[in-house]
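Colleague: Can you keep this structure in mind? I'll have questions shortly.
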Amino acid sequence: MDFARVELTDEDRAFQERARAFLADTVTEEMVRAERATGDGVIVELHRAMGVDGWLAAEASTAEDGGFTAVRRRIWDLERRRLGLPLERWGATLMILQAVRQYASPELLDEVLTRVFSGEVLFAMGYTEPGGGSDIATCKTRAVRDGDEWVINGQKMFTSGANVCQYVFLLTNTDPAGKRHRNLTMFLVPVETEGIEVHRLRTVDGDSTTITYYADVRIPDRYRLGDVDDGWTVLSGPLAAEHGATDPADVGLSDITTMSNFGMSMAISADLATAITARSGPDGRRDLDDDSVSYRLGRAYSRIEAALATPSLFGRVAIAQSMRDVAPELMDILGGQAVLPANSLGASAEPGDGPEYLFRWAPLLGIYGGTIDVFRNMIAQHILGLGRPTYVAPAK
Ligand SMILES: Cc1cc2nc3c(=O)[nH]c(=O)nc-3n(C[C@H](O)[C@H](O)[C@H](O)COP(=O)(O)OP(=O)(O)OC[C@H]3O[C@@H](n4cnc5c(N)ncnc54)[C@H](O)[C@@H]3O)c2cc1C
Numbered sequence: 072m073d074f075a076r077v078e079l080t081d082e083d084r085a086f087q088e089r090a091r092a093f094l095a096d097t098v099t100e101e102m103v104r105a106e107r108a109t110g111d112g113v114i115v116e117l118h119r120a121m122g123v124d125g126w127l128a129a130e131a132s133t134a135e136d137g138g139f140t141a142v143r144r145r146i147w148d149l150e151r152r153r154l155g156l157p158l159e160r161w162g163a164t165l166m167i168l169q170a171v172r173q174y175a176s177p178e179l180l181d182e183v184l185t186r187v188f189s190g191e192v193l194f195a196m197g198y199t200e201p202g203g204g205s206d207i208a209t210c211k212t213r214a215v216r217d218g219d220e221w222v223i224n225g226q227k228m229f230t231s232g233a234n235v236c237q238y239v240f241l242l243t244n245t246d247p248a249g250k251r252h253r254n255l256t257m258f259l260v261p262v263e264t265e266g267i268e269v270h271r272l273r274t275v276d277g278d279s280t281t282i283t284y285y286a287d288v289r290i291p292d293r294y295r296l297g298d299v300d301d302g303w304t305v306l307s308g309p310l311a312a313e314h315g316a317t318d319p320a321d322v323g324l325s326d327i328t329t330m331s332n333f334g335m336s337m338a339i340s341a342d343l344a345t346a347i348t349a350r351s352g353p354d355g356r357r358d359l360d361d362d363s364v365s366y367r368l369g370r371a372y373s374r375i376e377a378a379l380a381t382p383s384l385f386g387r388v389a390i391a392q393s394m395r396d397v398a399p400e401l402m403d404i405l406g407g408q409a410v411l412p413a414n415s416l417g418a419s420a421e422p423g424d425g426p427e428y429l430f431r432w433a434p435l436l437g438i439y440g441g442t443i444d445v446f447r448n449m450i451a452q453h454i455l456g457l458g459r460p461t462y463v464a465p466a467k
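Next comes the structure, spelled out in structure tokens:
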């Protein structure tokens, strides 16, 4: 691990100033509040403004292609996170974009690429199905060829953002009798196509996702990505990016695992809980001076620090598991007041920074993008070489 300080050049500082000025001029409290009321994971007006000002194209390109350097990418990331801006839809779009650039036909690239950069187009991930669960390769959504078109029928569960995105990166089955993983085909389906129905669902943490239905949806073959029945290859890049299974760039700046930024939210919540316990009560006593409180806070901090220092898939599991363990601990330390949103506790914090939000969010963090149980099995099988799990009932 590289703990070297990053020295910003004058140009990097100028870039940081420009990023701050753009966000200060464009972001309003009302925008942020409106997004929280829907949980849609994007502020459309802001996203378009970022497109017009060139931020999206630069973030979606490598430094060699005229995009951000690693340092500027991190600066831009931190500046947006400090303002608590929702980045979910754009984050998913960036993961999918690599597969679109690699596998889309020239006509499809012409249709979407400049509009992704301008902020008019976002992509949603359509993998999970109601009956298939974690094992997305069991996909039942059918795509059947009809001349130069495909007819799609099926249902997807948890296609987050299908209500605000323009295309779904859709996993379909093109050969139900075919070999597992060799019978799937990926499409980039325009959400406006007739036959698609999108139902929004709120989640317990205040975000939202959708259920999507596909009934005789007809799309031209140009929306296919990669070869027929080779969808697993097309999907592998975005899946690896979502699982955090890619190698972080060797510049000492990358998150060492996917969702590290979510781990930072835990640290902010713990700081908030500590600040509240450090206040003197009417009798002059501070909760923090109680040994059991300081012990439990100390234990929470050690878990957070350990999770944040753990790389790759191990870190992904450590962050999600620690959040599940730390959130109830912080709630318990604060007592009844913990159920209030952070900004009503008299502390300088945003609603999303408090233990009660962490408590509602923690279960989801261990589910989306793959559950922590599934990741544990992947670690056991693929990294520790412990063999394939059999899932048989234990012998009596
Ligand atoms: C808020 C939210 C947003 C989401 N967004 C998207 C999205 O945008 N696109 C998308 O395609 N999906 C999305 N998902 C779906 C998510 O990826 C799945 O929920 C997840 O992969 C688990 O699948 P499942 O819910 O069907 O649970 P199941 O797979 O049915 O699992 C049920 C239980 O069994 C356990 N289990 C299952 N398989 C194994 C195994 N092999 N080993 C050990 N334990 C196992 C699980 O850990 C879990 O506890 C989202 C989910 C949520 C909650």
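Sequential numbering from 72 applies to the sequence shown in our numbering.
Even glycine gets a Cβ: it sits at the ideal position worked out from N, Cα and C.
Only a predicted model underlies this, so the values are computations on that prediction, with no experimental measurement involved.
Kindly identify the DSSP beta-bridge partner or partners of Gln173.
Modeller: Against the sequence shown, residue 173 aligns to sequence position 102. None, per the DSSP bridge assignment.
Colleague: Cα separation between Pro196 and Gly440?
Modeller: By one-based count along the sequence shown, residue 196 stands at place 125. By one-based count along the sequence shown, residue 440 stands at place 369. What sits at residue 196 in the sequence shown is Met, not Pro. Looking at the two C-alpha atoms, the distance is approximately 10 Å.
Colleague: Compute the beta-carbon to beta-carbon distance between Val113 and Arg160, rounded to the nearest angstrom, for a pair I have assumed lies under 8 Å.
Modeller: Start at 1 with the first residue of the sequence shown, and residue 113 comes out as number 42. Start at 1 with the first residue of the sequence shown, and residue 160 comes out as number 89. Yes, they are in contact, since the Cβ atoms of Val113 and Arg160 sit about 4 Å apart, within 8 Å.
Colleague: Could you tell me the distance, in whole angstroms, from the CA atom of Ser373 to the CA atom of Met402?
Modeller: Position 302 of the sequence shown, counted from the start, is the residue given in the question as residue 373. Position 331 of the sequence shown, counted from the start, is the residue given in the question as residue 402. Whole-angstrom Cα-Cα distance: 17 Å.
Colleague: Which residues does DSSP pair with Tyr238 in a beta bridge?
Modeller: Here residue 238 refers to the residue found at position 167 of the sequence shown. Phe194, Pro261.
Colleague: CB of Val445 to nearest heavy atom of ligand 1: below 7 Å?
Modeller: What you label residue 445 is simply residue 374 of the sequence shown in a count that begins at 1. Correct: Val445 has its Cβ closer than 7 Å to ligand 1.
Colleague: What distance in whole Å lies between the Cβ atoms of Thr328 and Gly386, which are believed to be in contact at a cut-off of 8 Å?
Modeller: The residue you call residue 386 lines up with position 315 of the sequence shown. The residue you call residue 328 lines up with position 257 of the sequence shown. Yes, Gly386 and Thr328 are in contact; Cβ-Cβ is about 3 Å, under 8 Å.
Colleague: Can you give me the C-alpha to C-alpha distance between Arg459 and Arg271, rounded to a whole angstrom?
Modeller: In the sequence shown, counting from the first residue as 1, residue 459 sits at position 388. In the sequence shown, counting from the first residue as 1, residue 271 sits at position 200. Cα to Cα, Arg459 sits roughly 37 Å from Arg271.
Colleague: With the cut-off set at 8 Å, would you say Asn244 and Leu255 are in Cβ contact?
Modeller: As a working note, residue 244 is residue 173 in the sequence shown. As a working note, residue 255 is residue 184 in the sequence shown. In this structure, Asn244 places its C-beta atom within 8 Å of the C-beta atom of Leu255.
Colleague: Is it a yes or a no for the stretch 275–286 touching the stretch 427–436, going by three-plus beta-carbon pairs under 8 Å?
Modeller: Look at the beta carbons and you see the stretch 275–286 touching the stretch 427–436: at least three pairs across the two are nearer than 8 Å.
Colleague: Would you call the stretch 202–211 and the stretch 230–240 in contact, with 3 or more CB pairs under 8 Å?
Modeller: no
Colleague: By alpha-carbon positions, which one of Gly352, Asp361, Ser331, Arg251 ends up nearest to Ile375?
Modeller: Here residue 375 refers to the residue found at position 304 of the sequence shown. Looking at the Cα atoms, Ser331 is the closest of the given residues.
Colleague: At what residues does the alpha helix (DSSP H) containing Thr348 begin and finish?
Modeller: Taking the first residue of the sequence shown as 1, we reach residue 348 at position 277. Element bounds for Thr348: 331–348.
Colleague: Met72 by DSSP, collapsed to three states: which one?
Modeller: For the purposes of this step, residue 72 is taken as the residue at position 1 of the sequence shown. Model confidence at Met72 stands at a pLDDT of 47, short of 50, so the residue's coordinates are unreliable; what they give is reported in the following sentence. Of the three classes helix, strand and coil, the one that applies to Met72 here is coil, per DSSP.
Colleague: For the candidate residues Val463, Ala120, Gln173, whose alpha-carbon lies nearest to that of Asp298?
Modeller: Translated into positions along the sequence shown, residue 298 becomes position 227. Nearest option by C-alpha distance: Gln173.
Colleague: Since I believe Glu150 is in contact with Ala90 (beta carbons under 8 Å), could you give me their beta-carbon distance rounded to a whole number of angstroms?
Modeller: On the sequence shown, residue 90 is found 19 positions in, with the first residue counted as 1. On the sequence shown, residue 150 is found 79 positions in, with the first residue counted as 1. Indeed, because the Cβ distance is near 5 Å, the residues count as touching under 8 Å.
Colleague: Do you know offhand how far Glu268's Cα is from Asp287's?
Modeller: In the sequence shown, residue 268 corresponds to position 197, counting from 1. In the sequence shown, residue 287 corresponds to position 216, counting from 1. Cα to Cα, Glu268 sits roughly 11 Å from Asp287.
Colleague: Roughly how many angstroms separate the alpha carbons of Arg153 and Met335, rounded to a whole number?
Modeller: Locating residue 153 in the sequence shown gives position 82, where the first residue counts as 1. Locating residue 335 in the sequence shown gives position 264, where the first residue counts as 1. Using only the alpha carbons, I get a separation of about 11 Å.
Colleague: What residues match up with Ser231 in a beta bridge as DSSP calls it?
Modeller: What you label residue 231 is simply residue 160 of the sequence shown in a count that begins at 1. Its beta-bridge partners do not exist; DSSP assigns none.
Colleague: Among Gly138, Lys467, Pro291, which has the Cα closest to the Cα of Asp217?
Modeller: Counted from its first residue, the sequence shown places residue 217 at position 146. Nearest C-alpha to Asp217 among Gly138, Lys467, Pro291: Pro291.
Colleague: So, Leu359 versus Ala349, is the Cβ gap smaller than 8 Å?
Modeller: As a working mapping, residue 359 is identified with position 288 in the sequence shown. As a working mapping, residue 349 is identified with position 278 in the sequence shown. Yes, they are a contact pair.
Colleague: Say yes only if the C-beta of Asn234 is nearer than 7 Å to one or more non-hydrogen atoms of ligand 1, and no if none qualify.
Modeller: Position 163 of the sequence shown, counted from the start, is the residue given in the question as residue 234. No, the beta carbon of Asn234 sits no closer than 7 Å to any heavy atom of ligand 1.
Colleague: Indicate whether the contact test is met: 3 or more Cβ pairs, each with one atom in the stretch 77–87 and one in the stretch 119–133, closer than 8 Å.
Modeller: Look at the beta carbons and you see the stretch 77–87 not touching the stretch 119–133: under three pairs across the two are nearer than 8 Å.
Colleague: Buried or exposed: which applies to Tyr366, given that a residue is buried once 16 or more other Cβ atoms fall within 10 Å of its Cβ?
Modeller: The sequence position of residue 366 within the sequence shown is 295, counting from 1. When all chains shown are included, Tyr366 counts as exposed.
Colleague: For a test of the three-state rule: what should DSSP assign to Ile223, helix, strand or coil?
Modeller: The residue labelled residue 223 in the question sits at position 152 within the sequence shown. Residue state, collapsed to three classes: strand.
Colleague: Check whether the Cβ of Leu241 sits closer than 7 Å to any heavy atom of ligand 1, and report yes or no.
Modeller: Here residue 241 refers to the residue found at position 170 when the sequence shown is read from its first residue. It does not: the Cβ of Leu241 is nowhere closer than 7 Å to a heavy atom of ligand 1.
Colleague: I'd like to confirm something about Asp111: is its beta-carbon nearer than 7 Å to some heavy atom of ligand 1, or not?
Modeller: The residue labelled residue 111 in the question sits at position 40 within the sequence shown. No, the Cβ of Asp111 stays beyond 7 Å of every heavy atom of ligand 1.
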